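Trainee: Residue 35 is where the sequence shown starts when you use the numbering used here, and the numbers rise one by one after that. Even for Gly, the Cβ is constructed at its ideal location relative to N, Cα and C. Fair warning: this is a prediction, and the values are worked out from it, not measured in the lab. Here it is: the structure, laid out below.
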Amino acid sequence: RQAGWAAKGSPGNAQAFFSADESCPRRSKTMSSRALQRSVMLSALILLRATAAGGLPGDGSAVWAENPSVSPVDASQLFVYDTFPENFLWGVGTGAFQVEGSCEEDGKGPSIWDRFIHARPRHVNGINGSSDSCLFLDKDLSALDFLGVSFYQFSISWPRLFPDGTVAAANPDGVRYYRTLLDALARRNIEPVVTLFHWDLPWELQERYGGWQNESMVDLFNSYATYCFQTFGDRVRYWITIHNPYLVAWHGYGTGMHAPGQKGNLAAVYTVGHNLIKAHSKVWHTYDRNFRPRQRGWLSITLGSHWIEPSRPGHAGDALRCQQSLASVLGWFAEPIHGGGDYPAALKRTPPARLPAFSEAERREVSGTADFFAFSFGPSNFKPPSTMAKMGQNVSLNLRRALNWIKLEYGNPRILIAENGWFTDGYVSTEDTTAIYIMKNFLNQVLQAIKFDGIQVFGYTAWSLLDGFEWQDAYSTRRGLFYVDFNSEQKERKPKTSAYYYKQIIRENGFTLQESTPDVQGQFPCDFSWGVTESVLK
Numbered sequence: 035r036q037a038g039w040a041a042k043g044s045p046g047n048a049q050a051f052f053s054a055d056e057s058c059p060r061r062s063k064t065m066s067s068r069a070l071q072r073s074v075m076l077s078a079l080i081l082l083r084a085t086a087a088g089g090l091p092g093d094g095s096a097v098w099a100e101n102p103s104v105s106p107v108d109a110s111q112l113f114v115y116d117t118f119p120e121n122f123l124w125g126v127g128t129g130a131f132q133v134e135g136s137c138e139e140d141g142k143g144p145s146i147w148d149r150f151i152h153a154r155p156r157h158v159n160g161i162n163g164s165s166d167s168c169l170f171l172d173k174d175l176s177a178l179d180f181l182g183v184s185f186y187q188f189s190i191s192w193p194r195l196f197p198d199g200t201v202a203a204a205n206p207d208g209v210r211y212y213r214t215l216l217d218a219l220a221r222r223n224i225e226p227v228v229t230l231f232h233w234d235l236p237w238e239l240q241e242r243y244g245g246w247q248n249e250s251m252v253d254l255f256n257s258y259a260t261y262c263f264q265t266f267g268d269r270v271r272y273w274i275t276i277h278n279p280y281l282v283a284w285h286g287y288g289t290g291m292h293a294p295g296q297k298g299n300l301a302a303v304y305t306v307g308h309n310l311i312k313a314h315s316k317v318w319h320t321y322d323r324n325f326r327p328r329q330r331g332w333l334s335i336t337l338g339s340h341w342i343e344p345s346r347p348g349h350a351g352d353a354l355r356c357q358q359s360l361a362s363v364l365g366w367f368a369e370p371i372h373g374g375g376d377y378p379a380a381l382k383r384t385p386p387a388r389l390p391a392f393s394e395a396e397r398r399e400v401s402g403t404a405d406f407f408a409f410s411f412g413p414s415n416f417k418p419p420s421t422m423a424k425m426g427q428n429v430s431l432n433l434r435r436a437l438n439w440i441k442l443e444y445g446n447p448r449i450l451i452a453e454n455g456w457f458t459d460g461y462v463s464t465e466d467t468t469a470i471y472i473m474k475n476f477l478n479q480v481l482q483a484i485k486f487d488g489i490q491v492f493g494y495t496a497w498s499l500l501d502g503f504e505w506q507d508a509y510s511t512r513r514g515l516f517y518v519d520f521n522s523e524q525k526e527r528k529p530k531t532s533a534y535y536y537k538q539i540i541r542e543n544g545f546t547l548q549e550s551t552p553d554v555q556g557q558f559p560c561d562f563s564w565g566v567t568e569s570v571l572k
């Protein structure tokens, strides 16, 4: 369990992402002597625990410091040829709704994404079933065998287990499917990393309760998670409660780009985020109290973020805006869970009518409810650019610097890269050379963070195993290491060049410096043209 209770207060008062044009009037209060004494004691406890953890809110701003003696990242350390730690975990991931297919005939109930797509039929261009993993599980397993991964991260479909969302009678076909998958992974010595909620909320819960806007979801999610621990926990050591709750709240209830498609209600956005945090916390305590003693597993929540750099390097105001941008996105969920149980200062400037407050008891309940830091860094956190918390700064894909920010803010936790990769256009088949280039850079940034910066990354998840349904992009982009022809009946999986490359990285456990062709000395033709280019994505 990560040490919690970090002292609050990030620097400055620049505008926060969700409330750029709003202000929050301060109200003074007079404390009783007893309340003041309790407050002082609590503050001392917070500071003591924060010092032990080694991370304070705002410490991450050092990443943007121009002074080399202050910045934790040495910009002169470029591509490194070396190997990852001996027991480093190599994996690949998928999301249930993205690859499983509908398979209504096996008793699966509709999810909010089924209804969301049904209302937008042009979104999927007549494609049905995606990769159909529930029908072609053997093909998925063969793909895992090809790569040689040490773990497979997949999610359980809540409506596949419980069609109406409530834990009454489980769907036997759904239980059988996941047991078959887990047994097959065990035979291959592939560690399962299981996500309980990757966005496919049962439609009945949305219809009956209003989904995650309703606090009743906290207990409903805990009941569902408890069943999963009871049924599959003897085969699973790594659990993820929720995948990227920021996108659930912001795109599901803010922009309307994700199911259930609501937009423009900032109070709903924050309420959903609040309930997701409390749901995660309750499940963590349930596992810690009732299942960890005999199952001996670990549990976390996958948090995603973008990364930005100051538009004016060395400008204190721009560096401050970068810090507040990260605090408003990644810190929204990380600070309560990995920090002191409360929201970052950048968010707490939001009017109280929109941002719910944690009680003192809830802060204690929420703080420290993660056994490792699960981090997502991929296109879903960057697209579309118009919805990002850029605050006028420059977008960057510098994973190493993002990892350093986490280290500084939260006391150097153990980190699992729970989702990483990029995308290609939908027409690209197996020759995805751009994906290889970006994967190579991401992987080497992780290696640099481990070797040069002392960051405790213990595993990496390439996203994803298969081409599948890519949320607001549907089938117009591809993210799989294996190409899938969605219009074919058998949905054959073909390894892309990125699959061969990742297989090599896993086999060599990193980047080994190999002998190449002999050096050639000489000059280019006299009319050869030399130029320079710049790309924000590369």
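1) Please say whether Gly-373 and Tyr-444 have beta carbons closer to each other than 8 Å?
2) I need the DSSP call for Ser-105, collapsed to helix, strand or coil.
3) Are the beta-carbon atoms of Gly-331 and Tyr-272 separated by less than 8 Å?
4) How is Ser-145 classed by DSSP in three states: helix, strand or coil?
5) If we ignore side chains and look at the alpha-carbon of each, how far apart do Leu-337 and Trp-497 end up?
6) Which stretch, first to last residue, makes up the beta strand (DSSP E) that contains Trp-273?
7) On the DSSP bridge list, what partners appear for Trp-124?
8) What number of angstroms, rounded off, separates the C-alpha of Met-425 from the C-alpha of Trp-124?
9) Is Val-566 buried or exposed, if buried means 16 or more other CB atoms sit within 10 Å of its CB?
10) Report the rounded CA-to-CA distance for Asp-501 versus Leu-175, giving the unit in angstroms.
11) Check whether the Cβ atoms of Val-107 and Asp-352 sit closer than 8 Å, and answer yes or no.
12) Given 8 Å as the limit, is there contact between the stretch 554-566 and the stretch 208-216, that is, 3 or more CB pairs closer than that?
13) Which term fits Asp-172, buried or exposed, when burial requires 16 or more other beta carbons within 10 angstroms of its beta carbon?
14) Which complete beta strand (DSSP E) runs does the stretch 332-361 hold, if anything under 3 residues is left out?
15) Of all the options Met-251, Tyr-212 and Gly-307, which has the alpha carbon lying nearest to the alpha carbon of Phe-266?
16) Can you tell me where the beta strand (DSSP E) with Glu-225 in it begins and where it stops?
17) Starting from the Cα of Phe-503, find the closest Cα among Ile-151, Phe-411, Met-473 and Leu-169 and give me that residue.
18) Helix or strand or just coil, what does DSSP make of Phe-406?
19) Trp-233 to Arg-346, Cα distance in whole Å?
20) Go ahead and pull the three-state DSSP assignment for Ala-153.
21) Mind checking whether Pro-378 and Trp-98 have CB atoms under 8 Å apart?
22) Figure out for me which residue from Leu-437, Gly-143 and Arg-512 has the closest Cα to the Cα of Thr-467.
23) Return helix, strand or coil for Ile-540, following the three-state DSSP convention.
24) Do the CB positions of Trp-456 and Ile-470 come within less than 8 Å of each other?
25) Alpha carbon to alpha carbon, how far is Leu-333 from Asp-459?
26) Grouping DSSP H, G and I as helix and E and B as strand, with all else coil, what is Leu-431?
27) To the nearest whole angstrom, what separates the beta carbons of Gly-182 and Arg-527, a pair I think is in contact under 8 Å?
28) If you count every other CB in all the chains shown that lies within 10 Å of the CB of Trp-564, and 16 or more means buried, which is it?
29) Provide the residue span of the beta strand (DSSP E) that contains Tyr-186, from first to last.
30) Starting from Ile-484, trace the beta strand (DSSP E) in both directions and tell me its first and last residue.
31) On the three-state DSSP scale, how would you describe Leu-547?
32) Looking at Arg-421: is its Cβ nearer than 8 Å to the Cβ of Asn-454?
33) Going by beta-carbon coordinates alone, are Arg-435 and Phe-407 separated by less than 8 Å?
Mentor: This is what the structure holds:
1) yes
2) coil
3) yes
4) strand
5) 15 Å
6) 272-277
7) Tyr-494
8) 35 Å
9) exposed
10) 15 Å
11) no
12) no
13) exposed
14) 332-338
15) Tyr-212
16) 225-231
17) Ile-151
18) coil
19) 37 Å
20) coil
21) no
22) Arg-512
23) helix
24) no
25) 34 Å
26) coil
27) Not quite, the Cβ-Cβ distance comes to about 16 Å (not below 8 Å), so this is no contact.
28) exposed
29) 185-189
30) Unbroken run through Ile-484 is the alpha helix (DSSP H), 467-487; no beta strand (DSSP E).
31) coil
32) Reading off the sequence shown, one finds Thr at residue 421, where the question assumed Arg. For Thr-421 and Asn-454, no; Cβs fall outside 8 Å.
33) no
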